[in-house]
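Worksheet: the structure to be examined is printed underneath.
There are 2 protein chains.
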Amino acid sequence: MPSYTAPTKDQQFVLHDVLNVSASDIPGYEDLDRDTTGAILEESAKIAEQVMTPLNAVGDKQGCTLENGVVRTPEGFKAAFDEVRAGGWTALDCDPEYGGQGLPYLVATAVGEQFSAANIAFNMYAGLTHGAYSAIHAHGSDEQKAKYLPKMVTCDWTGTMNLTEPHCGTDLGLMRTKAEPQDDGTYKISGQKIFISAGDHDLSENVIHLVLAKIPGGPEGIKGVSLFIVPKFIVKDDGSLGERNGVSVGNIEEKMGIHGNSTCVMNYDEATGFLLGDMHKGMRAMFTMMNEARLGVGLQGFAQAEVAYQNAVEYAKDRLQGRDVTGVKNPDGPADPLIVHPDIRRNLMDQKSFIEGARAFIYWGAQMLDQAHGNEDKDADGLVSLLTPVIKGYLTDKGFDYCVAAQQVYGGHGYIEEWGMSQFARDARITMIYEGANGVQALDLVGRKLATDGGKHVMAFFELVKTFCKENGEDEALADFVGPLKAASKDLQAAGMYFMQNGMKNPNNALAGSYDFMHMFGLVCLGLMWGRMAKAAHAKLAEGTGDAAFYETKLATARYFMARQLPMTGTHLRRIETGADTVMALDAEQF
Amino acid sequence: MPSYTAPTKDQQFVLHDVLNVSASDIPGYEDLDRDTTGAILEESAKIAEQVMTPLNAVGDKQGCTLENGVVRTPEGFKAAFDEVRAGGWTALDCDPEYGGQGLPYLVATAVGEQFSAANIAFNMYAGLTHGAYSAIHAHGSDEQKAKYLPKMVTCDWTGTMNLTEPHCGTDLGLMRTKAEPQDDGTYKISGQKIFISAGDHDLSENVIHLVLAKIPGGPEGIKGVSLFIVPKFIVKDDGSLGERNGVSVGNIEEKMGIHGNSTCVMNYDEATGFLLGDMHKGMRAMFTMMNEARLGVGLQGFAQAEVAYQNAVEYAKDRLQGRDVTGVKNPDGPADPLIVHPDIRRNLMDQKSFIEGARAFIYWGAQMLDQAHGNEDKDADGLVSLLTPVIKGYLTDKGFDYCVAAQQVYGGHGYIEEWGMSQFARDARITMIYEGANGVQALDLVGRKLATDGGKHVMAFFELVKTFCKENGEDEALADFVGPLKAASKDLQAAGMYFMQNGMKNPNNALAGSYDFMHMFGLVCLGLMWGRMAKAAHAKLAEGTGDAAFYETKLATARYFMARQLPMTGTHLRRIETGADTVMALDAEQF
């Protein structure tokens, strides 16, 4: 059975040595000293390790069941959910006005890393609720906020997001769910929604569905979509629960993974809905939460790789198989541990250098979101919007790949469900798909975000890299890191230049390279993170404070990343520069 | 529900236009004219499409069950197995002396592609039997061959291979299963074997287990391992079945995929075994079948990608979502089909260019095996031995990757089991592990095969590429293909040179690059195959015979491969040339 140990030391390293959070002027950051975040992360670690981890395999094996219209979650989920709620873990970054703790999003991200690693399917119940909370918080009337938010902050009531229909996912303009206006100002919602995570279950008293639907007579396509609050049980004015609404579970989907989460087909049959935000502006309302939601999925992808990696390392240290070709390492045993073998190390170092780079990247993204919201910083908002598809797409693609790589360390045992490595890969697979499939992230990045505000934000990113390289290029100790980062950033700029010069005459020249671009952007971001982490580790070593071996490990891992991972930007650039011709050459029937 | 259509036209193209099999002097090839192979492949296609494909999802859903010591396969498997047996499909390349059809291995490979694509789990029952057949055929006494082979050729009796034990897979020297010699010349076999594919089931009258075990007092480690025939029911001298042997199923493993195949824990409790081949030479006996078995797994990996691709293409043509940015393609519909979108095409072209290249590669390998055996050609044997880990490792890694890529085309539907795309990925995952995990393939390639016979075979491979480039470099029509192939081959040679120059002083410098080397070798092999396919397609177009659109499609796909896939050799080389330092930098406890 796999285990999980929250990597609090690594988390603290990023928060304090790299991001230096307590020196920031972002509101709320002034309280984030090392002791405070340390105390939070130690407490959340207990929940992750002792409450959530033991239920991960249980959830996978039992799944959720639908009987007589009632959804049951796996054994132990309810008690664990109550414990998490009671500890205030669902309220971390929520508004104190509605019972939240008002902590920065960055803190919720660090805690979320632990929870997502421990049990992604379980953690989604609170995660989806948080998304719905954010939507109501941003777009609800004062009355709506007062009515729904306090109960959602505590997860007495959970939330869902209803977008997809059988015939449309990415292209929501094709939506058929209808919202008929009623005389009392409410709407009757009718239609079918699919892939509704946490759609129904036995963990909470009520489920607050946020549903996209079209009001008849409104604009065609995506511009005629509105957002509605559709509670499972209507909430009366005194806050108590009233009649059951016209929403029911049609089916629970059998999925490749995240079995512990109830993914439902939801049928709305003249259900009472309450307009949230402006009429026909439903997509805009959804988009305001998109950055946060997509960062959350990127977090899940890398967190699954992290827990898979931890177990692969343990297995590689324990399993005796073969001998070190350069000399026996375990002379008293029948064989040496797997970890002596260079290709096992190559595999583990790939995982390790990705995971630690990804953590820094996503924490940095969370910090930018806090800066954007807390200090109303439009530049930070623009930069994090640019990087959001990279975080979502790159971290989930690689997160899945490295779950598979960790599984591979186990050999045949990796394929047997009992060992749990298959589950990490199966669970992580969804992160490449939901909240916008990764091809859509690439499209968002290249087709939209690059050109936003006249390309200002991508220029700002390159400026950041350039400044880092300039400031540290003369430092001999950092030369190992600055050189490769500069080269990779040059590749990325060349790709951007190619798009500018060739995308005008044919947009397909840009779009055919969008996926490679997203990945090379991810590599450069991780390169920048490793540069910063190397710098921080060097500074600590020079100070002579702290755990020298810990910082030496960071430097060695940074060197690995620079030597073995970052040069991949070269291949991405070469592919991109071949343009659309070979990609678009065939007619559909030639495939 | 996914479908499968055997790609007979593509198969025929490789057999005749590229490999020109009927002009070969390999025994048996003289009969392989286009009509003959066409007739075989059309018939096998019916079995694959109509008998095996419909059982693929059934097998996944039902799996195998163990009750009171009896293993049951999924509904319909027995009737289908009988139909396959009755059609002679299990006997294709078996020795006519024992009831086989005596066809070349290449023909069995082409048929095996269809069967493995249609239902990998089902096809393994016959596949494992074929492996055991080959071992007995190569190493058995005349009496043993007469006793077992006729029934195994028809799969009245199936076979298994028992290597792995709980504490050892790759490192079989640690084996604990014992074989105690008896006065009558038999042995009493005791021990536990795990991961035994097709270990027991209800498809055949008898199961002939081939079991590796140690005779007490023999040499230590791997040199003291012998191979035994251990029938489930002892076969009497008259060929009838006698008493039940001391072998039983301890458990059926719950796996990530291939649920339709019974993967058993086998317990041997003083079971009667018959020595196969020489005492203590069990590993050598296993190795004689290794090339064939590993080619078979490479075939499975690419075949799963093929069926996944076919379904992804259909979905991409059917599913309407979004609009072509260069202009609406389906004005009468609510949206354009997915296949208009450049990133969907990029994904499908990745799959297509891999699959068709992989087919040519593995057919070429099978042809070399036929040449090695039929004409006792040691050079062919050396070359196919060199390429075997590449075929196994590269084709299964990529086969799995492209199953995942095909799944991605389906968006959320790809994650739902009902659509069947998850199964392809879950089933394909095993091919990266069994018959030697892919890291072990890379080790075999770099640590053993490169240097075999003084490096003669790798030199011969480079000579082949060089000759192709030389012969076709002046042909303007082929310039698109020769240039990239030459460059990629140069990268591969540079990597080999790096190993030679740096592996001496520290073998880890070679082994740390072994995985990258295996992949770049695979790329160059596919590059050579695409060069040959482009040449063949060009010749056909010049002749003006046949289906011009078909050959144009080959050329366009070749161009894609050269532009978008082959340049990856550059990154592999860069990684390799960084040597072992960053890979081996950490102590075990620093992970």
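Sequence lines, in order, name chains A and B.
For the first sequence, position 15 matches number 15 in UniProt numbering, and the numbering has no gaps at all.
For the second sequence, position 15 matches number 15 in UniProt numbering, and the numbering has no gaps at all.
For each residue, glycine too, the CB sits at the ideal point set by N, CA and C.
Positions of the beta strand (DSSP E) runs, each at least 3 residues long and wholly inside the UniProt domain "Acyl-CoA oxidase/dehydrogenase middle" (161–269) of chain A, are given as 178–181, 187–197, 206–214, 225–231, 233–235, 241–244, 247–252 in order along the chain. The straight-line gap separating the alpha-carbon atoms of residue 388 of chain B and residue 91 of chain B is approximately 23 angstroms. Per the coordinates, the alpha-carbon of residue 314 of chain B lies some 19 angstroms from the alpha-carbon of residue 437 of chain A. Taking CB atoms only, residue 195 of chain A has a neighbour in chain B less than 8 angstroms away.
Shown in chain order are the members of the segment 146–166 of chain A whose Cβ falls below 8 angstroms from a Cβ of chain B: 164. Residues of chain A with a Cβ closer than 7 angstroms to the Cβ of residue 430 of chain B are, in chain order, 415. Within the model, the alpha-carbon separation for residue 259 of chain B versus residue 407 of chain A is close to 18 angstroms. Rounded to the nearest angstrom, the gap between the Cα atoms of residue 350 of chain B and residue 465 of chain A is 32 angstroms. Membership of residue 299 of chain B in the alpha helix (DSSP H) is indicated by the continuous run 282–318. Taken in chain order, the complete alpha helix (DSSP H) segments of 4 residues or longer contained in the segment 45–104 of chain B are 56–62, 77–86. Residue contact check for residue 168 of chain B against chain A: a CB pair falls below 8 angstroms. With distances taken between CA atoms, residue 8 of chain A lies nearest to A/36 out of A/312, A/393, A/36, A/27.
In the structure shown, residue 275 of chain B falls within a strand segment according to DSSP collapsed to helix, strand and coil. Here residue 316 of chain A is not near residue 225 of chain A, since their CB atoms are 8 angstroms or more apart. Within 10 angstroms of the beta-carbon of residue 141 of chain A lie fewer than 16 other beta-carbons, which makes it exposed. If you draw a 10 Å sphere on the C-beta of residue 286 of chain B, you find 16 or more other C-beta atoms in it, and that means buried. The continuous alpha helix (DSSP H) containing residue 559 of chain B extends over residues 548–560. Counting along the chain, residue 423 of chain B sits inside the alpha helix (DSSP H) bounded by residues 421–429.
In the three-state DSSP reduction, residue 416 of chain B falls in the strand class (E or B). What residue 560 of chain A touches in chain B, judged by beta-carbon distance under 8 angstroms, is 582, 583, 585, going in chain order.
Residue-level contact by beta carbon fails for residue 220 of chain B and chain A, as no gap is shorter than 8 angstroms. Nearest in C-alpha terms to residue 312 of chain B, of all of B/163, B/425, B/10, is B/425. With contacts defined by Cβ atoms closer than 8 angstroms, residue 189 of chain A and residue 170 of chain A do not form a contacting pair. Listed as beta-bridge partners of residue 530 of chain A by DSSP are no residues whatsoever.
At a Cβ-Cβ threshold of 8 angstroms, residue 415 of chain A and residue 252 of chain B do not count as neighbours. Exposure of residue 184 of chain B is indicated by the presence of fewer than 16 other C-beta atoms within 10 angstroms of its C-beta.
Of A/109, A/34, A/174, the smallest CA-CA separation from residue 319 of chain B is found for A/174.
DSSP links residue 159 of chain B through a beta bridge to B/208. Using a Cβ-Cβ cut-off of 8 angstroms, residue 366 of chain A does not count as an interface residue toward chain B, since no Cβ of chain B sits closer than that to its own. Proximity to residue 266 of chain A across A/26, A/250, A/138, A/537 peaks at A/250, based on C-alpha coordinates. Taking C-beta atoms as the reference points, residue 446 of chain A and residue 511 of chain A count as a pair closer than 8 angstroms. Taking a C-beta distance under 8 angstroms as the contact criterion, residue 475 of chain A and residue 562 of chain A do not qualify as a contact pair. The beta-carbon distance between residue 509 of chain B and residue 579 of chain B, rounded to whole angstroms, is 4 angstroms. This is short enough to meet the 8 angstroms contact definition. With a threshold of 16 other beta carbon atoms within 10 Å, residue 520 of chain A meets it and is buried. Contact between residue 157 of chain A and residue 206 of chain A holds: CB atoms are separated by about 4 angstroms, below the 8 angstroms threshold. Contact with chain B is absent for residue 262 of chain A, since none of that chain's Cβ atoms lies less than 8 angstroms from the residue's Cβ.
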